[in-house]
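Student: Below you'll find the structure I mean.
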Amino acid sequence: MNVGVCYAQADRQIWLRLEVPEGSTIAEVIELSGVLTQYPEIDLESQKVGIFGKLAKLDASVKEGDRVEIYRKITADPAQVQRRRVA
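Position one of the sequence shown corresponds to residue 1 (our numbering), numbered consecutively onward.
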């Protein structure tokens, strides 16, 4: 089945399409994509993942056409960013 994997850094992003076996989990899709080799800073033990913007667990199954997303840690306090915009 055809799925996507995406990961974004502050200055660049990657979106890969790949074929995976039916019943693959999020963890398996990420591993098969090779994104962990390209971006060794990704730590699936501490970073959250999801499908189409909804948080999911690494052992969740993916479906045809899903976009698996690896979320990076927030580097700025959202409340502080809002205060700067208002000022």
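Where a beta carbon is used, it is the ideal one built from N, C-alpha and C, also for glycine.
1) Thinking C-alpha only, which one of 22, 23, 39 is nearest residue 6?
2) Under 8 Å: do the segment 14 to 28 and the segment 46 to 63 share three or more Cβ pairs, one atom per stretch?
3) Only counting the same chain, and skipping five residues up and downstream in sequence, which positions put a Cβ closer than 8 Å to that of residue 51?
4) Would you tell me roughly how many angstroms separate the C-alpha atoms of residue 31 and residue 42, rounded to the nearest one?
5) Can you give, in chain order, each stretch of the alpha helix (DSSP H) that sits fully within the segment 3 to 63 and has at least 4 residues?
6) Given this structure, state the Cα-to-Cα distance separating residue 29 from residue 55, to the nearest angstrom.
7) With a threshold of 16 other CB atoms inside 10 Å of the CB of residue 24, please say whether the residue is buried or exposed.
Tutor: Working from what's here:
1) Here residue 6 refers to the residue found at position 6 when the sequence shown is read from its first residue. Among 22, 23, 39, the Cα nearest to that of residue 6 is on 39.
2) Three or more beta-carbon pairs separated by less than 8 Å link the segment 14 to 28 to the segment 46 to 63, which places the two stretches in contact.
3) As a first step, residue 51 is located in the sequence shown; it is residue number 51 there, counting from the start. Taking C-beta separations shorter than 8 Å and ignoring five residues to either side along the sequence, the partners of residue 51 in its chain run 26, 60, 62, 66, 67, 68, 69, following chain order.
4) In the sequence shown, residue 31 corresponds to position 31, counting from 1. In the sequence shown, residue 42 corresponds to position 42, counting from 1. In a straight line, the C-alpha of residue 31 is about 11 Å away from that of residue 42.
5) Listed in chain order, the alpha helix (DSSP H) elements of length 4 or more contained wholly in the segment 3 to 63 are 26 to 33, 35 to 38.
6) Looking up residue 29 in the sequence shown gives position 29. Looking up residue 55 in the sequence shown gives position 55. CA-CA distance, residue 29 to residue 55, rounds to 16 Å.
7) Position 24 of the sequence shown, counted from the start, is the residue given in the question as residue 24. Residue burial is scored here from C-beta neighbours: residue 24 has at least 16 other C-beta atoms within 10 angstroms and is therefore classed as buried.
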